[in-house]
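Numbering (the numbering used here), first residue to last: 103 to 482.
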């Protein structure tokens with residue numbers, strides 16, 4: 103690959119093992135996408151020829167058991183001798199393009215992260231006397247064979263169900279139910295590969311806005327520049343307050359429900375749009391039945407928090423060689439060189455890694471809740 107950057111591919115039906123040399127020689131491109139919404143995915147593109155005796159019957163790559171659906175694929179990228187698990191997933195599709203000229207045929211193998219195994223059986227299951235935190239831990243633990251390490255963050259307001267009052271019932275796949283529960287609190291659920299091969303972090307909680315920011319994205323800074331293109335969007339209509347009322351199922355009293363601001367911490371913008379744009383902020387009517395007052399407030403606040411996440415959306419292309427590292431989704435990153443309004447810290451919503459021989463690009467989407475940097479400098 104590139105100087106200082108090396109790609110390792112593990113693949114297999116039950117236990118992924120290093121790919122054989124002929125398969126690596128046929129590999130012409132790798133694309134991996136990580137996002138905090140929906141499952142992450144990958145594409146491996148191979149040159150598919152029919153030379154030799156084996157090609158008289160079929161494409162040799164199609165006869166390889168390693169590229170069949172439901173096999174596990176692990177992609178590792180090494181920067182300056184430091185390995186990073188870029189992806190751990192399951193093959194779900196194959197696409198063959200024979201080509202019109204000799205040597206132009208390609209075989210594309212597509213897959214999703216190991217959470218796809220959580221989305222294959224719709225269930226009708228009761229979870230008596232268990233709140234969302236306990237249910238999430240229990241569901242994740244049932245997929246330990248895929249190396250899932252649970253990281254579950256309890257919501258700010260927990261309402262343990264009393265069996266004589268209500269019993270949570272799951273009528274969906276495990277993955278869909280985890281996301282349904284997360285949406286109630288403005289949370290996310292995703293599976294993140296690593297930190298070592300054959301392990302994955304299963305995260306259920308608020309978007310991660312704490313911790314050490316990643317190396318900065320640099321724009322118009324001469325030799326320090328690592329971003330080749332960038333675009334900014336400011337959606338002032340995104341922030342949404344929630345107002346209404348709920349009839350408390352326990353007391354029978356009608357109680358007001360109202361949100362006033364986002365509770366995402368720490369704030370990433372000095373001028374959050376939900377505050378700066380007052381009194382012109384959208385208000386949504388609260389719609390919820392069969393809840394107590396605590397649950398109603400938690401769900402209303404979750405809607406407001408989620409609405410502020412994408413006020414500022416930044417998309418761009420990053421040169422991995424100049425950057426010198428893997429930009430990880432679902433964390434913080436600094437941006438510099440654009441000016442006060444758009445410089446500062448952002449949440450990394452998604453990253454697409456495109457790897458070919460001699461080239462490694464990373465397309466990113468980063469977001470925050472408004473204009474203005476909260477820090478005078480970012481990590482270079």
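Ideal placement from N, C-alpha and C gives every residue a C-beta, glycine not left out.
These numbers come from a predicted model, not from an experiment.
- Taking 8 Å as the cut-off, the beta carbon of residue 255 is found no closer than this to the beta carbon of residue 315.
- Per DSSP, reduced to three states, the secondary structure at residue 357 is strand.
- Residue 247 sits in a helix when the DSSP states are folded into three classes.
- Distances from the CA of residue 221 to each of 450, 436, 281 and 185 were compared; the closest alpha carbon is that of 281.
- If the five residues before and after residue 422 are omitted, its C-beta is found closer than 6 Å to the C-beta atoms of 462 and 464, all from its own chain and listed in chain order.
- In this structure, the alpha-carbon of residue 405 lies about 12 Å from that of residue 366.
- Ranked by Cα distance from residue 433, the options 317, 244, 377 and 228 are led by 317.
- Contact holds between the segment 233-247 and the segment 260-268, because three or more Cβ pairs, one in each stretch, are under 8 Å apart.
- A straight line joining the alpha-carbon of residue 364 with that of residue 413 spans about 12 Å.
- DSSP, read as helix, strand or coil, puts residue 362 in coil.
- As DSSP reads the structure, residue 133 sits in a beta bridge with 145 and 456.
- For residue 350, the closest of 344, 358 and 343 by C-alpha to C-alpha distance is 358.
- For the pair residue 189 and residue 107, the CB atoms are not nearer than the 8 Å cut-off.
- At the C-beta level, residue 444 and residue 435 stay beyond 8 Å of one another.
- Judged by DSSP secondary structure, residue 266 falls outside any beta strand (DSSP E); it is assigned neither H nor E.
- 375 is the residue among 381, 375 and 384 whose C-alpha sits nearest the C-alpha of residue 473.
- Shown here for residue 420: same chain residues with a beta carbon closer than 8 Å to its own, the five before and five after excluded, namely 319, 328, 329, 330, 429, 463, 464, 465 and 466 in chain order.
- Just so you know, the alpha carbons of residue 452 and residue 415 end up roughly 11 Å apart.
- Here residue 311 is near residue 368, since their CB atoms are less than 8 Å apart.
- Residue nearest to residue 224 within the set 381, 273, 285 and 142 is 273 (criterion: CA-CA distance).
- If you ignore the 5 residues before and after residue 238, its C-beta comes within less than 7 Å of the C-beta of 254, 280, 283 and 306, all in its own chain and listed in chain order.
- Between residue 410 and residue 471, the CB-CB gap stays under 8 Å.
- Per DSSP, the continuous beta strand (DSSP E) segment holding residue 295 begins and ends at 290-295.
- Membership of residue 185 in the beta strand (DSSP E) is indicated by the continuous run 184-199.
- A contact between stretches requires three or more CB pairs, one per stretch, nearer than 8 Å, and the segment 130-139 fails this requirement with the segment 166-176.
- Residue 338 sits in coil when the DSSP states are folded into three classes, being neither helix nor strand.
- By a beta-carbon distance limit of 8 Å, residue 402 contacts residue 344. Their separation comes to about 4 Å.
- By the criterion of a C-beta distance shorter than 8 Å, residue 241 is surrounded in its chain by 220, 276, 279 and 280, once the five residues flanking it on both sides are discounted.
- In summary, residue 243 is exposed, with fewer than 16 beta-carbon neighbours lying within 10 Å of its beta-carbon over all protein chains present.
- A residue is called buried once 16 or more other Cβ atoms fall within 10 Å of its Cβ, and residue 341 is buried on that count.
- When the five nearest sequence neighbours on each side are left out, the beta carbons in the same chain lying within less than 7 Å of the beta carbon of residue 163 are those of 128, 148, 150, 169 and 209, in order along the chain.
- Boundaries of the alpha helix (DSSP H) around residue 395: 395-410.
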